[in-house]
Amino acid sequence: MTSADQLIRVVSLFPKNDNTHSMALENDLDIISEAVEHSLHVLKHNKRVFAQLTG
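In this text, residue positions in the sequence shown follow the working numbering: the first is 93, and each later residue adds one.
Now the structure itself:
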């Protein structure tokens, strides 16, 4: 049995209406959203610091 055959066999074990993939995607989007929020916070902080330094 090839690795492709094994993958097909494992994937076929999951029901067609399984939400595993959508749940994983939702989790990834939550992580990305948190990272973007953190980046915006850092950018705002850096903007304030830059304004103070160049005042």
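Backbone N, C-alpha and C fix where the C-beta goes; we use that ideal spot for every residue, glycine too.
- Distance from the CA of E126 to the CA of K139, rounded to the nearest whole angstrom, comes to 20 angstroms.
- Restricting attention to alpha helix (DSSP H) runs no shorter than 4 residues, the region 94-137 encloses them at 95-103, ordered along the chain.
- Between V102 and T112, the alpha-carbon positions lie close to 14 angstroms from each other.
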